[in-house]
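Q:
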Amino acid sequence: DIGGGTTEVAVISLGGIVISRSLRIAGDELSEDIITMARDQFNLLLGERTAEEIKIKIGSAYPLEKELKASMKGRDLVTGLPKEIVVNNEQIRQSFHKSLNQIVEAIKTTVEETPPELLADIMDRGIVLAGGGALLRGLDHLISDATKVKVHIADDPLTCVVRGTGLVLEDLDNLKDVLLPSQLARVR
201 DIGGGTTEVA VISLGGIVIS RSLRIAGDEL SEDIITMARD QFNLLLGERT
251 AEEIKIKIGS AYPLEKELKA SMKGRDLVTG LPKEIVVNNE QIRQSFHKSL
301 NQIVEAIKTT VEETPPELLA DIMDRGIVLA GGGALLRGLD HLISDATKVK
351 VHIADDPLTC VVRGTGLVLE DLDNLKDVLL PSQLARVR
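Going by the numbering used here, the sequence shown opens with residue 201, and the numbers climb by one from there.
#1: Excluding the five sequence neighbours on either side, which residues of its own chain have a C-beta within less than 8 Å of the C-beta of residue 332, listed in chain order?
#2: Below 8 Å between beta carbons: does that hold for residue 354 and residue 329?
#3: Quick check on residue 208: does DSSP put it in helix, strand or coil?
#4: Cα-Cα, which of 295, 326, 316 is closest to residue 229?
#5: Short check: CB of residue 234 to CB of residue 285, under 8 Å?
#6: In chain order, what residues of the same chain have a beta carbon less than 8 Å from the beta carbon of residue 211, not counting five sequence neighbours either side?
#7: At a Cβ threshold of 8 Å, is residue 220 touching chain E?
#8: In angstroms with no decimal places, state the Cα-to-Cα distance between residue 316 and residue 213.
#9: Could you work out which residue in 338, 372, 345 is closest to residue 259 when comparing CA atoms only?
#10: Pull up the distance between the alpha-carbon of residue 308 and that of residue 367, whole angstroms please.
#11: Measure the alpha-carbon distance for residue 334 versus residue 340 and round it to whole angstroms.
#12: Report the rounded CA-to-CA distance for residue 281 versus residue 206, giving the unit in angstroms.
#13: Please return the same chain residues whose Cβ sits closer than 7 Å to the Cβ of residue 342, not counting the five positions on each side in sequence.
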C-alpha cells in the first residue's frame with residue numbers, strides 16, 4: 201500500500217499478516233523529490249500542488265516508450281520573479297530514483313524474510329500494489345524487474361484498502377483474527 205505519507209509492505213497468508221514493514225516514503229515524498237529537483241537544477245521554487253500535478257501528469261518509475269512533457273511554473277529563486285520550465289518524464293523519473301529505490305528495497309527485504317513455504321504462493325500469485333502510489337506509471341515493472349515476481353495493480357487502488365477495512369469492521373466478530381492485537385484494541 202503506497203499511500204501519501206507511508207508505504208506499507210506486508211505478506212498476508214491464511215487471513216493474517218506474516219511479515220510487514222512500514223516506510224515514511226510514499227507519494228508525498230515523490231512530490232518533494234520534484235520540488236527538490238526544480239530547486240537544485242533550475243533554481244525554481246515549486247508549490248506542493250504543482251509538484252503533485254506534474255507527478256500525476258508525467259511521472260514514471262520506469263522508462264517510457266513515448267516522451268511526456270509538462271511545464272513547471274514557480275518562482276525563480278535568483279530573481280524572485282515567476283518562471284516557467286518545461287521538463288520531461290525522464291527528468292522526473294530520475295528525481296524519484298532514491299525514493300523508489302528505498303521502496304523497492306523494502307519490498308525485496310520483506311520477500312527475503314518471508315518463510316520459504318510461502319514463497320511459492322508469492323511466485324504464483326505475485327505482488328499486489330494498492331494506494332495512490334500504485335498509479336505511478338511503470339512502478340509495477342520496476343518492482344517486477346527487481347524482485348523477479350509478477351506485480352499486479354489492485355482494482356481501484358485508491359480506495360481498495362479503505363473498502364477492505366470497511367468490510368472487516370462490518371464483520372468484526374468473524375474477522376478479528378486478521379487484525380493485529382494493537383489494531384484490535386484501537387477498534388474497540
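Just so it is clear, CB atoms sit at the ideal spot from N, CA and C, and this is done for glycine as well.
Since this is a predicted model, take the numbers as computed values, not measurements.
A: Looking at the atomic coordinates:
#1: Position 132 of the sequence shown, counted from the start, is the residue given in the question as residue 332. Counting only Cβ-Cβ distances below 8 Å, and skipping sequence neighbours, we find 202, 203, 204, 227, 357, 358.
#2: Taking the first residue of the sequence shown as 1, we reach residue 354 at position 154. Taking the first residue of the sequence shown as 1, we reach residue 329 at position 129. Yes, these two residues count as a Cβ contact at 8 Å.
#3: Locating residue 208 in the sequence shown gives position 8, counting from the first residue. It is a strand residue.
#4: As a first step, residue 229 must be located in the sequence shown, where it is residue number 29. Distance check between residue 229 and each of 295, 326, 316 places 295 closest, using alpha-carbon atoms only.
#5: Taking the first residue of the sequence shown as 1, we reach residue 234 at position 34. Taking the first residue of the sequence shown as 1, we reach residue 285 at position 85. It is not a contact, given that the beta carbons lie outside the stated cut-off.
#6: For the purposes of this step, residue 211 is taken as residue 11 along the sequence shown, with counting starting at 1. These residues qualify, in order along the chain: 217, 218, 219, 220, 310, 311, 314, 318, 322.
#7: Here there is only one protein chain, and chain E is not present.
#8: As a position in the sequence shown, residue 316 is number 116, starting the count at 1. As a position in the sequence shown, residue 213 is number 13, starting the count at 1. So the alpha carbons of these two residues sit roughly 13 Å apart.
#9: The residue given as residue 259 occupies position 59 in the sequence shown. The shortest C-alpha separation from residue 259 is found at 338.
#10: Here residue 308 corresponds to residue number 108 of the sequence shown, with the count starting at 1. Here residue 367 corresponds to residue number 167 of the sequence shown, with the count starting at 1. Residue 308 and residue 367 have their C-alpha atoms some 29 Å from each other.
#11: The sequence position of residue 334 within the sequence shown is 134, counting from 1. The sequence position of residue 340 within the sequence shown is 140, counting from 1. The straight-line gap from Cα to Cα measures roughly 8 Å.
#12: Working through the sequence shown from its first residue, we reach residue 281 at position 81. Working through the sequence shown from its first residue, we reach residue 206 at position 6. Straight-line Cα distance between these residues: approximately 35 Å.
#13: For the purposes of this step, residue 342 is identified with residue 142 of the sequence shown, where counting begins at 1. Closer than 7 Å at the Cβ level, and outside the excluded window around residue 342, lie 261, 262, 300, 304.
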